[in-house]
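This report refers to the structure that appears directly beneath it.
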Amino acid sequence: MKILVTGGCGYIGSHTCIELLENNYQVVIIDNLSNSKKGVIDKIKKITNKDLTYYEGDVCDKDLLNKIFDQEKIDAVIHFAGYKAVGESVKLPLKYYHNNLCSTITLCEVMASHNVKKLVFSSSATVYGSPKTLPIKEDFPLSTTNPYGTTKLMIEKILKDLYTSDNEWSIAVLRYFNPIGAHSSGLIGENPNDIPNNLMPYIIKVATGELECLNIFGNDYDTKDGTGVRDYIHVVDLSKGHIKAIESITNTTGIDYYNLGTGKGYSVLEIVNTFSKVNNVKVNYKIVERRPGDVATCYADSSYALKKLHWKAEKSIEDMCRDAYLYAIKNK
Ligand code: WQD
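If you read the sequence shown in our numbering, its first letter stands for residue 19, the second for the next number, and so on.
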């Protein structure tokens with residue numbers, strides 16, 4: 019089977035392309051390199067010793083998408099491409115609504131016109147807003163607190179309406195919790211160009227000396243040590259979940275939703291201390307004010323993904339911290 023991976027040069031996209039190639043899928047990537055580097059393509063080829071096809075361009079570009087579907091016999095699509103910085107989305111909502119919605123609508127229109135109706139969509143736990151109880155199940159109420167999250171929720175609704183209008187579609191919506199870590203080769207990983215918004219990339223820049231000190235956003239939450247608790251999942255486990263999702267849509271129709279998390283929550287201080295311990299490196303930090311919009315605790319009930327996709331995260335928090343740092347020091 020030939021899979022089109024939109025945003026395939028990105029953090030999760032590139033790791034998923036490796037898993038696809040290692041499972042003998044053919045891979046076609048479209049990526050405009052707005053938040054990734056073209057060099058990732060060669061690293062994917064080096065790790066897998068397999069070839070792939072790459073088109074540089076934007077998923078909003080209907081002519082380019084039509085050209086790809088005309089030239090490539092695409093069997094299914096994994097759609098990662100989209101802007102994902104929560105803070106930026108608050109400052110630039112139109113940029114987020116236009117890009118994330120336009121790319122998805124254009125992609126689905128071109129898929130339908132080429133009778134390709136198998137789609138895995140990269141969604142986010144952010145669609146759950148501030149959960150009333152824990153762990154979070156797929157049928158929990160959905161609400162969002164920022165434009166980025168709202169684009170994910172709107173796309174989920176668009177895909178639901180698309181399936182309702184045409185039952186030939188087979189769609190898997192994957193709600194990621196907090197992906198961190200990197201491929202064990204150290205060749206690919208998460209490498210934001212600017213000051214990171216997320217915890218692990220920030221810890222890494224402090225550990226490597228690029229940034230002076232980690233600001234821990236609040237230690238007065240109702241959690242084990244007062245700092246925020248999240249469900250961190252190794253990006254390789256997350257990528258393997260996409261293979262299971264592709265398998266699940268291959269011979270069926272319908273739309274379904276899956277939490278891809280470990281089911282365990284770790285606090286900021288637990289992450290910092292684990293990172294320091296496994297990598298034998300100091301991480302300077304100070305406690306500052308809470309970050310607006312943060313919830314105290316968020317972690318998944320991922321039992322449905324186990325039941326229907328036969329998928330479960332296997333890597334430990336130590337693996338995540340070790341692999342994340344290995345990538346950083348190999349790519350300084
Ligand atoms: C994790 C914890 C912070 C940075 C976001 C998006 C979500 C998804 C993952 C895309 C929290 C604390 C963080 C720092 C800190 N992205 N923290 N200092 O907010 O759970 O989720 O990224 O899908 O949609 O909302 O992840 O890594 O930003 O924060 O103390 O410099 O680390 O308060 O408790 P978050 P995060």
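Glycine included, every Cβ here is placed at the ideal spot set by N, Cα and C.
- Distance from the Cα of T144 is smallest, within the candidate group K102, K348, G283 and M218, for K102.
- Annotation for Y345: the continuous alpha helix (DSSP H) segment containing it runs I335 to K348.
- Between G227 and K348, the beta carbon gap of about 16 Å keeps them out of contact (Cβ cut-off 8 Å).
- Under the criterion of beta carbons closer than 8 Å, P149 and F158 qualify as touching, at roughly 6 Å.
- P153 sits in coil when the DSSP states are folded into three classes, being neither helix nor strand.
- Assignment of K330 by DSSP, reduced to helix, strand and coil, places it in the coil class.
- Of the residues N233, A99, Y317 and D93, the one whose Cα lies closest to the Cα of H132 is D93.
- For A318, the shortest C-beta to heavy atom distance toward the ligand WQD is 8 Å or greater.
- Distance from the Cα of K282 is smallest, within the candidate group I123, N291, D249 and T122, for D249.
- Relative to the ligand WQD, the beta carbon of F235 is positioned inside 8 Å of a heavy atom.
- Check the Cα spacing between N50 and each of N117, Q89, P214 and K20: the tightest is with N117.
- Residue range V253 to T268 is occupied by the alpha helix (DSSP H) that includes H260, with no beta strand (DSSP E) assigned at that position.
- Within 8 Å of the C-beta of S54 there is not a single heavy atom belonging to the ligand WQD.
- Buried is the label assigned to H201, since at least 16 other Cβ atoms lie within 10 Å of its Cβ.
- When beta bridges are read from the DSSP output, K304 appears opposite N233.
- Counting the other CB atoms within 10 Å of its CB gives V306 a total below 16, which places it among the exposed residues.
- Of the candidates I198, A318, L278 and Y146, the residue whose Cα lies closest to the Cα of A263 is L278.
- In this structure the region 166-179 does not touch the region 250-259; the number of beta carbon pairs closer than 8 Å is below three.
- For the options G100, T71, Y29 and A99, the alpha carbon positioned closest to that of I86 is the one of T71.
- Restricting attention to alpha helix (DSSP H) runs no shorter than 4 residues, the region 20-87 encloses them at 29-40 and 57-66, ordered along the chain.
- When DSSP states are grouped into helix, strand and coil, K282 belongs to the coil group.
- Sequence-distant partners of G236 (beyond 5 residues in either direction) whose C-beta falls short of 6 Å from its own C-beta, in its chain, are R308.
- Looking at the backbone, the Cα of I30 and that of I335 are separated by about 18 Å.
- For H116, the enclosing alpha helix (DSSP H) starts and ends at P111 to S131.
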